[in-house]
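Some notes on the structure that comes next.
Number of protein chains: 2
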Amino acid sequence: MSKTIERRTFIKSGVAASIALSTAPAILQGKDDRKVKLGIIGIGGRGTGMLKTTMRLPNVSVTAVCDTFPRNLKAAQDLVEKTQGERPDGYGDHELSYLDLLERDDLDGVVICTPWELHIPMTIAAMKAGKYAATEVGPASSVDECWELVNTYEETRVPCMLLENYCYFRYNMAVLNMIRQGLFGELIHCTCGYGHDLRERIVLGKGTGPTAKGEGDYRSTHNEHRNGELYPTHGFGPIAQCLNIQRGNRIQHLTSTASKSRGLSQWSKDNLDSSHKRRNIRWNQGDIVTTTLKCFNGETVVMTFDTRLPRPMSFMYQVQGTAGMWMQDGDSSSKEKSVIYLDGKSPKHQWEPFGPFQEKYEHPLWKSYLHEAETAGHGGTDFLELREFVACIRNQSLPPIDAYDAAAWMAIAPLSEASISTGSAPIAFPDFTDGAWMTNKPIFGLT
Amino acid sequence: MSKTIERRTFIKSGVAASIALSTAPAILQGKDDRKVKLGIIGIGGRGTGMLKTTMRLPNVSVTAVCDTFPRNLKAAQDLVEKTQGERPDGYGDHELSYLDLLERDDLDGVVICTPWELHIPMTIAAMKAGKYAATEVGPASSVDECWELVNTYEETRVPCMLLENYCYFRYNMAVLNMIRQGLFGELIHCTCGYGHDLRERIVLGKGTGPTAKGEGDYRSTHNEHRNGELYPTHGFGPIAQCLNIQRGNRIQHLTSTASKSRGLSQWSKDNLDSSHKRRNIRWNQGDIVTTTLKCFNGETVVMTFDTRLPRPMSFMYQVQGTAGMWMQDGDSSSKEKSVIYLDGKSPKHQWEPFGPFQEKYEHPLWKSYLHEAETAGHGGTDFLELREFVACIRNQSLPPIDAYDAAAWMAIAPLSEASISTGSAPIAFPDFTDGAWMTNKPIFGLT
């Protein structure tokens, strides 16, 4: 019991202290062997992957797991027991079981991998319970919810982290490194997006994990009812780092335009029997949503949300400045498909392959963790983000992607819906920092 | 003199007749050896190229040329005399000399290659003078001017043609052919743009032709004072053909967002002496302008105007439908850089090179004129468009890119300025057809 109290004190005082004081990292204090105890909420396809990666981290133990689907819960408990040797406590009897998990005294933090609409409410609940929270990505349901996230952080001072793994892509971090070294000059324009043919998964509500949850998952529900940029953070996160959003810069306004909705119903007609109960859903979500953001520092960003038409995968990253340009050449599958042009350095009017630049400007984080990252999932990005989350807990420090980042990036979804629903009207972007963006400094990839 | 009267009667009655009647092409009537007499207005860099291509066409003679720069005028007269054996009359004593040229009784048509802001006024003057007019591309100065173009056509019934050569690109015509054969399913989204590093030319006002006109040409003037999508038709023309704009479809509204303006002043600082008089121009034009259009039939189009930053050339074409997607992979220099994905036909999640598709679905126009086109300028597109213009005169038929197309495509410029100047507000698109778009049929590439 004394140990538990000690731990709670560690979290609460540590977190509060980290605002004002710089605490030497535990690893420098020789305390790195102290186990960080985590709970995982939501263990479907994505949650299972994150659970596996979490257990690869040194001196981390998963003490509690939560899922309202008994099969998911049991599979997770079995997996943890097999890997760690000890069976974690399970939660999931009812929709609010995660609150019981959050009440535990022995947890340092939680990782939230639930459906989109639960990310922000659960993160808020975790902060209120004094637990470091890391949440998976997705759209906010409302701008108000984003404010609640920020306000809860400011009241509790318990940090939370958005698990935007795309910020940790090796090429994105190398590009960020190059930007910070001035190789692109002054940044002017960026593009990003999420191009991924998810027609079957959306229509059938199929997940990818061990779950047999069946039809009608969160993607389906949101595509059926909403119409906006519903998956903004994979695209925008890395670009926000490039443009120092809320850290010297800020989004001024956005406009959003949705195409008609045809892809999902066409796929259903082509692939489902006429009696299939999911064949005639009326999908509100337009197939392609284009969102254009203007920043206070004058840059523009174009985002594309494209998961309802046939296409090879692409994240559509492009970074353009007064001295050069980098872009993914349509296909995001490899660094070979990524090209760069540096004014006065590249052969005139000719792209160069990005590969050698990625090696030359490799981000220090990737240099340090190359082996561990490469042997983990999602190109190493999951390992790197979870490692940083656990390091924040251990070091009682603030996360590199915080409540303000989460609020702004996830707010793009309801703001784009507001623009689309008013004929692409420009929507002013809320200042979740209440003015602090003018003096805040960039932190991602700098610690 | 009787010959001249006959010719004027030919044009006027022929043009009027073509509205209601289908006249058998002259070529089928054995009259194809009749010379079509043309005047060329504006003979700088682009005009010289068009003059050369015009003289490659069979049974075409250039009778009159006009340029207010004596060196340009003399060079053009010399060139025509050397090529055709007869020296054309020259016009250019004053800014309105082109009106004197238009008064000639012996001209069937004129080709207008003057600075941007003169295209529409000169086309209007040509229609009023009863001459078939073909005008080079550029932005309209105002929406009102576009209406005047359409109204003049409706009053005079003298056809005019927009010389949008990008509509004739071999790959664009093959893609159009594929769209019409249903290979992409129902079209949903397109992109296009004009990515061309013109910093030196814009800042110094340098042309590319034989002219020594010097500093401050039209690009410079427009970039110094305006801020919008100032070069819309190369990008939008081919996409308008894909989407049947004003021929069963129509643009509903657009939004436009401009980045800050840095590229031109940075280039000037890096490349001009501190005493150079063009070093400190205050450029209004943002470096990157993004314009998003929504169509009545539900499609979206994203256009990018990008000529003030370092970059390899790209036209950024992309066509996406329920059954597949075609895109230029960043670099517009060759068909090898263009890729395609057809649902259920291409290897899953993998792009295929577009080359074999371009051959398989080669447009009939390219099949017919491959040799002539390939040996002419701009990848054959100038030859094809001028050939069609001359064929229209000869056959007394309507041009494939008409006054309504010119008005709508060129109007994107002032409409985008209106959006940018009101914080990216959506701007309703005028209906230049006064309702006829609902029943008009596509004509480009179908005659």
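Residue numbers (my numbering), protein chains in the order written: chain A, 1 to 447; chain B, 448 to 894.
Glycine residues also receive a C-beta, built at the ideal position from the N, C-alpha and C atoms.
Computed from a predicted structure; not experimentally measured.
Item	Value
My output table needs one value for N271/A: the three-state DSSP class, helix, strand or coil.	helix
Cβ of K335/A less than 9 Å from any chain B Cβ?	With a pLDDT of 49 at K335/A, under the threshold of 50, the predicted position of this residue should be treated as unreliable, and no value is reported.
What three-state label does DSSP hand D306/A in the structure shown?	strand
Give the DSSP-derived three-state secondary structure of T114/A in the structure shown.	coil
Helix, strand or coil for N696/B, going by three-state DSSP, please let me know.	strand
Chain B partners of S268/A, CB-CB under 8 Å?	Here the premise fails: no neighbours, minimum Cβ distance about 12 Å.
Listing by chain order, which chain A residues have their CB less than 8 Å from the CB of T739/B?	T255, T257, T290, T292 and S424
Which first and last residues belong to the beta strand (DSSP E) in which Q767/B is found?	Q765 to G768
When the Cα of L546/B is compared with those of G652/B, W563/B, D525/B and C513/B, which residue comes out closest?	C513/B
Identify the contact partners of V175/A in chain B, using a Cβ-Cβ distance below 8 Å as the criterion.	Within chain B, no residue comes near V175/A; the closest Cβ sits about 16 Å away, beyond 8 Å.
Which residues in chain B have a C-beta closer than 8 Å to the C-beta of I443/A? List them in chain order.	Going along chain B, no residue has its Cβ under 8 Å from I443/A, so there is no contact; the nearest lies around 25 Å.
List, in order along the chain, the chain A residues whose C-beta lies closer than 8 Å to that of K406/B?	The displayed coordinates of chain B run from 448 to 894. Any statement about residue 406/B would go beyond what the structure contains.
For G205/A, go through chain B and note every residue whose CB falls closer than 8 Å to its CB, in chain order.	Going along chain B, no residue has its Cβ under 8 Å from G205/A, so there is no contact; the nearest lies around 21 Å.
Within 10 angstroms of the Cβ of T680/B, are there 16 or more other Cβ atoms? Answer buried if so, exposed if not.	buried
Determine the closest residue to F383/A out of L51/A, G44/A, G228/A and K35/A, with distance taken between C-alpha atoms.	L51/A
Say whether chain B places a C-beta atom closer than 9 Å to the C-beta of W351/A.	yes
Does the separation of the CB atoms of P353/A and S368/A fall below 9 Å?	no
Using the C-alpha atoms, what's the distance from W326/A back to C167/A?	16 Å
Using a 10 Å radius around the Cβ and a threshold of 16 neighbouring Cβ atoms, would you call D306/A buried or exposed?	buried
Since I believe G632/B is in contact with T769/B (beta carbons under 8 Å), could you give me their beta-carbon distance rounded to a whole number of angstroms?	3 Å
Using a cut-off of 8 Å between C-beta atoms, extract the partners of D343/A located in chain B.	P757
By the 10 Å Cβ neighbour count, where 16 or more other Cβ atoms means buried, how is P794/B classified, buried or exposed?	exposed
Helix, strand or coil for E81/A? Go by DSSP, reduced to three states.	helix
Give a yes or no on whether 9 Å exceeds the smallest Cβ distance from M325/A to chain B.	yes
Let's see if you can read the secondary structure: which residues bound the beta strand (DSSP E) around W884/B?	Per DSSP, W884/B belongs to no beta strand (DSSP E) and is neither H nor E.
Starting from Y851/B, follow the alpha helix (DSSP H) in both directions and report where the run begins and ends.	A850 to S868
Please work out which residues of its chain come closer than 8 Å, Cβ to Cβ, to N249/A, disregarding the five sequence neighbours upstream and downstream, and give them in chain order.	L243, C295, F296, N297, E299 and W437
Looking at the structure shown, is T894/B part of a helix, part of a strand, or coil, going by DSSP?	coil
How would you call N718/B, buried or exposed, if buried means at least 16 neighbouring beta carbons within 10 angstroms?	exposed
Could you check the C-alpha separation between S868/B and A854/B for me, to the nearest Å?	21 Å
So M313/A contacts chain B; which residues on that side make the cut at Cβ distance below 9 Å?	H796
Does the Cβ-Cβ distance between S424/A and H700/B come in under 9 Å?	yes
Does the beta carbon of A471/B sit closer than 9 Å to a beta carbon anywhere in chain A?	Confidence at A471/B is low in this model, with a pLDDT of 38, below 50, so the placement of that residue is unreliable and no value is reported for it.
Quick one: list the residues of chain B neighbouring Q181/A, beta-carbon separation under 9 Å, in chain order.	None at all; the shortest Cβ gap to chain B is about 17 Å.
9 Å is my cut-off, CB to CB: does P304/A come that close to chain B?	The sequence shown places Thr at residue 304/A, rather than the Pro named in the question. At least one chain B Cβ lies under 9 Å of T304/A.
Between Q84/A and L293/A, what straight-line distance do the alpha-carbon atoms span, to the nearest angstrom?	46 Å
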